[in-house]
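So that you can map any letter, position 19 of the sequence shown is 64 in our numbering, and since no number is skipped, the others follow by simple counting. Read through the structure below, which is laid out as structure tokens, and then see the notes.
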Amino acid sequence: FNLNSLKTLRINFNKLRENQLYLKREKCAFAQQRIKFWGHIIEHGHIRMDLGKVKAIQEWKTPKNVTEFRSFLGLANYYRRFLEGFSRRATPLTALLKKGRDWNWSKECQVAFDDLKQAMISDQNKLALPDVMKPFALRKGCLRFLLPFGLL
Numbered sequence: 046f047n048l049n050s051l052k053t054l055r056i057n058f059n060k061l062r063e064n065q066l067y068l069k070r071e072k073c074a075f076a077q078q079r080i081k082f083w084g085h086i087i088e089h090g091h092i093r094m095d096l097g098k099v100k101a102i103q104e105w106k107t108p109k110n111v112t113e114f115r116s117f118l119g120l121a122n123y124y125r126r127f128l129e130g131f132s133r134r135a136t137p138l139t140a141l142l143k144k145g146r147d148w149n150w151s152k153e154c155q156v157a158f159d160d161l162k163q164a165m166i167s168d169q170n171k172l173a174l175p176d177v178m179k180p181f182a183l184r185k186g187c188l189r190f191l192l193p194f195g196l197l
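What follows is the structure, given as structure tokens:
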């Protein structure tokens with residue numbers, strides 16, 4: 046935490062006050078090395094899944110019905126950005142939710158369920174946060190991502 050950070054905080058607090066927006070002191074934390082935020086842990090320039098959620102995923106039993114299954118898939122979907130190939134991995138599972146389809150937990154579903162669980166509890170599941178002190182470049186025609194523009 047440095048002098049620039051304090052200046053930035055003061056500017057932000059003044060803007061909030063000008064717009065009659067107030068913060069509760071007990072809900073604020075400043076100059077933290079590690080913070081929990083909406084099911085994520087943010088620390089050292091990375092964001093990763095909350096360890097409590099990882100433990101819950103690790104202990105998740107095979108779903109017995111659609112309701113239990115939707116609960117698991119909802120949690121998995123929340124963390125999908127941490128999982129490479131999420132859509133491909135979840136395909137056998139999402140097929141269970143198609144309209145008019147009966148509940149049939151197949152061996153293929155179990156393999157996909159176990160694969161997703163294993164991927165979600167991996168220690169490698171962290172994303173780098175951008176370094177806002179470095180310049181960003183806006184490039185036109187980022188075909189790699191099929192976007193007309195890309196922020197690099």
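Built from N, CA and C at the ideal position, the CB exists for glycine as well.
In the three-state DSSP reduction, M165 falls in the helix class (H, G or I). When the beta-carbon positions are compared, A173 and H91 come within less than 7 angstroms of each other.
Counting other Cβ atoms within 10 Å of its Cβ, H89 stays below 16 and is therefore classed as exposed. With contacts defined as CB atoms closer than 7 angstroms, V99 and I166 qualify as a contacting pair.
Separation of W150 and R79 (C-alpha to C-alpha, rounded to the nearest whole angstrom) is 40 angstroms. Leaving aside the five residues that flank F131 on each side, the residues in its chain whose CB is nearer than 7 angstroms to its CB run, in chain order, R125.
Within the region 77-120, the runs of beta strand (DSSP E) at least 3 residues long that lie entirely inside it are, in chain order, 79-82, 85-88 and 91-94. A74 carries a coil assignment under DSSP once its states are collapsed to helix, strand and coil.
Here DSSP, grouped into helix, strand and coil, assigns A182 to coil. When the beta-carbon positions are compared, P137 and A157 come within less than 7 angstroms of each other.
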